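Let me begin by presenting the structure, written as structure tokens, before commenting on it.
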Amino acid sequence: MGLLGNTYRFKMLNKILSTAYAAVLLVVALICVTHTIITRTPADFWSVLKYIPLVSIFLFFSNYSAVLNTGADGKITRCYPTAREALLGALIGSILLIPVSVIMLSLYSVTVDAVDWVHSPNLNAHIVNMLSLGIVLVSGYSLFLFRKKYRSIYGSTEILIGVVIAMHNAQSLFERGNLDPTLFFAFITAGIYLVVRGLDNIHEGNKERL
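Note that this note's numbering has the sequence shown beginning at 59, numbered continuously upward.
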């Protein structure tokens, strides 16, 4: 009876802590999104959202071509057996990417604005280090939980971020007139790595769904 009671209390405590953590993250996300809507222009949002249709097309072809295994009978097992299912999966993933990308853009915008605040003379190195530590740990843990529960959507987000980073870096190099091949491929590689990681997470997420 004592063991059952301890198990019940542990589950209740875990549920309370999880709910509290989710509530804090929701408040932080709302603050970030509100701040971004007030301080950013539609062009800033469009700079990310414009790539979602391209990612949607890419998701369709990658979903339909993803092979889980080939059985002893020679038949191929796909994550999405038909083109219709692959298209539906790509569309759903792209729709869900809209709020996710807005939140990611908001976090980025708040971080950029926080850099100026960090340079305030009222702050010292210790406070800056503690803030950085808190942001890294909370963000990392939150993304870990999101990835565990929504692995395919997390992978789609990685693909979108990889595309945005690659295009932004390429455009920056072009505008500066510095199209050195070594530097260009170094910047593009970061985007490619994220796309590969995204495809891997989508593939593993689809395997868990089957």
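Ideal Cβ placement from N, Cα and C applies to all residues, glycine included.
Predicted model only: the values in this text are computed from it and were never measured.
Cβ shell of residue i (< 7 Å), same chain only, five flanking positions each side left out
i: tyrosine 212; result: Phe204, Arg205 and Asn259
i: tyrosine 138; result: Asn121, Tyr122, Ala144 and Gly147
i: phenylalanine 119; result: none
Contacting residues, own chain, Cβ-Cβ under 6 Å from residue i (five flanking each side not counted)
i: histidine 261; result: Ala124
i: glycine 220; result: Gly249, Leu252 and Val253
i: glycine 151; result: Leu117 and Ser214
From the options, residue whose alpha carbon lies closest to that of residue i
i: isoleucine 223; options: Ala101, Ser105, Val82 and Lys69; result: Ser105
i: serine 214; options: Arg255, Val82, Phe232 and Gly198; result: Arg255
i: valine 113; options: Glu233, Thr77 and Met225; result: Met225
i: isoleucine 89; options: Gly151, Leu154 and Met162; result: Met162
i: glutamate 266; options: Ile246, Phe245, Tyr208 and Asn227; result: Tyr208
i: tyrosine 109; options: Val85, Ile153, Ala183 and Phe202; result: Ile153
i: arginine 98; options: Tyr166, Val82 and Met188; result: Tyr166
CA-to-CA distance, residue j to residue i, given in whole angstroms
i: serine 210; j: serine 159; result: 15 Å
i: leucine 195; j: proline 111; result: 32 Å
i: leucine 107; j: serine 230; result: 19 Å
i: valine 253; j: asparagine 264; result: 16 Å
i: glutamate 216; j: isoleucine 250; result: 10 Å
i: isoleucine 96; j: aspartate 102; result: 12 Å
i: methionine 70; j: serine 200; result: 20 Å
i: histidine 93; j: valine 168; result: 7 Å
i: valine 86; j: aspartate 171; result: 15 Å
i: isoleucine 74; j: threonine 140; result: 42 Å
i: phenylalanine 242; j: phenylalanine 232; result: 10 Å
i: leucine 84; j: aspartate 174; result: 25 Å
i: asparagine 72; j: alanine 80; result: 12 Å
i: leucine 257; j: isoleucine 156; result: 18 Å
i: leucine 218; j: alanine 244; result: 19 Å
i: alanine 78; j: histidine 184; result: 27 Å
i: arginine 234; j: threonine 240; result: 15 Å
i: isoleucine 115; j: proline 100; result: 24 Å
Run of the alpha helix (DSSP H) containing residue i, from where it starts to where it stops
i: arginine 98; result: Here arginine 98 belongs to no alpha helix (DSSP H), and DSSP marks it neither H nor E.
i: proline 111; result: 110 to 123
i: threonine 215; result: 209 to 234
Cβ-heavy atom distance, residue i to the ligand MN, below 7 Å
i: alanine 78; result: Judged by which ligands are present, the structure shown has none, so any question about the ligand MN falls away.
Sequence-distant residues of the same chain with beta carbon closer than 8 Å to residue i, five excluded per side
i: isoleucine 246; result: Ala224, Asn227 and Ala228
Integer-rounded CB distance, given that residue j should sit under 8 Å from residue i
i: serine 197; j: valine 91; result: Not confirmed; about 16 Å, so no contact.
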